[in-house]
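S.K.:
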Amino acid sequence: MKKRNILTALLFLILVPATIIGGVVFLNDRKYYFISLLLVIYTMIPFFLSFEGRKPKAREIIIIAVLTAIAVAGRAAFFMVPQFKPVVALIIIAGVCFGGETGFLAGSMTALVSNFFFGMG
3 MKKRNILTAL LFLILVPATI IGGVVFLNDR KYYFISLLLV IYTMIPFFLS FEGRKPKARE
63 IIIIAVLTAI AVAGRAAFFM VPQFKPVVAL IIIAGVCFGG ETGFLAGSMT ALVSNFFFGM
123 G
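Under this note's numbering, the first residue of the sequence shown carries the number 3, and numbering increases by one thereafter.
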């Protein structure tokens with residue numbers, strides 16, 4: 003196994019249970035939003051580190067930025083239509099064409115930026 007895969011497995015096998023147990027024991031099982039936020043951050047760390055570790059070129063970063071902008075604009079353009087969000091199609095295309103890390107990065111950045119406009123959800 004690669005060193006990166008071993009570190010990722012250890013991250014999930016040690017930090018995730020420790021966070022859940024620590025939240026139940028020390029936070030009296032009442033701060034579940036905080037615990038959930040920590041778990042989401044734990045899942046995002048390997049993707050961002052692997053993307054940044056391979057030193058992407060400016061061309062790839064521009065493509066990710068444009069895909070993110072188009073997805074956010076698509077969500078903003080169709081906000082009045084219930085249950086229709088073109089974001090999913092764009093993120094799937096990004097993941098298939100450029101790889102899982104790029105698709106995850108485009109999807110997470112789209113969620114972050116579009117939540118500035120619409121709030122969570």
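We put the CB at the ideal spot given by N, CA and C, even for glycine. Nothing here was measured: the structure is a model prediction, and the numbers come from that model.
#1: Going by other Cβ atoms of all chains shown within 10 Å of its Cβ, with 16 needed for buried, is residue 63 buried or exposed?
#2: Taking the straight line between their C-alpha atoms, what separation do you get for residue 83 and residue 74?
#3: Please tell me whether residue 110 and residue 46 are closer than 9 Å, where the distance is taken between their beta carbons.
#4: Excluding the 5 residues flanking residue 96 on each side, which residues of the same chain have their C-beta closer than 7 Å to its C-beta?
#5: Along the chain, where does the alpha helix (DSSP H) that runs through residue 6 open and close?
#6: What's the C-alpha gap between residue 30 and residue 17?
#7: Nearest to residue 72 by CA position, among 60, 92, 56, is which residue?
#8: In this structure, does DSSP put residue 58 in helix, strand or coil?
M.R.: The structure says:
#1: Stepping through the sequence shown from its first residue, residue 63 is reached at position 61. The residue in question, residue 63, is exposed, as its Cβ has fewer than 16 Cβ neighbours within 10 Å.
#2: Along the sequence shown, read from residue 1 onward, the residue named residue 83 stands at position 81. Along the sequence shown, read from residue 1 onward, the residue named residue 74 stands at position 72. Near 15 Å, if we compare the C-alpha coordinates of residue 74 and residue 83.
#3: Locating residue 110 in the sequence shown gives position 108, where the first residue counts as 1. Locating residue 46 in the sequence shown gives position 44, where the first residue counts as 1. In this structure, residue 46 lies closer than 9 Å to residue 110 by Cβ.
#4: As a working mapping, residue 96 is identified with position 94 in the sequence shown. Taken in chain order, the residues that qualify are 69, 104, 105, 108.
#5: Locating residue 6 in the sequence shown gives position 4, counting from the first residue. Where residue 6 is concerned, the enclosing alpha helix (DSSP H) stretches over 5-12.
#6: Sequence index remark: in the sequence shown, residue 30 carries index 28 (1-based). Sequence index remark: in the sequence shown, residue 17 carries index 15 (1-based). Each residue's alpha carbon lies about 18 Å from the other.
#7: Here residue 72 refers to the residue found at position 70 of the sequence shown. For the residues 60, 92, 56, the minimum Cα distance to residue 72 belongs to 92.
#8: Here residue 58 refers to the residue found at position 56 of the sequence shown. In the structure shown, residue 58 sits in coil (DSSP, three-state: anything other than H, G, I, E or B).
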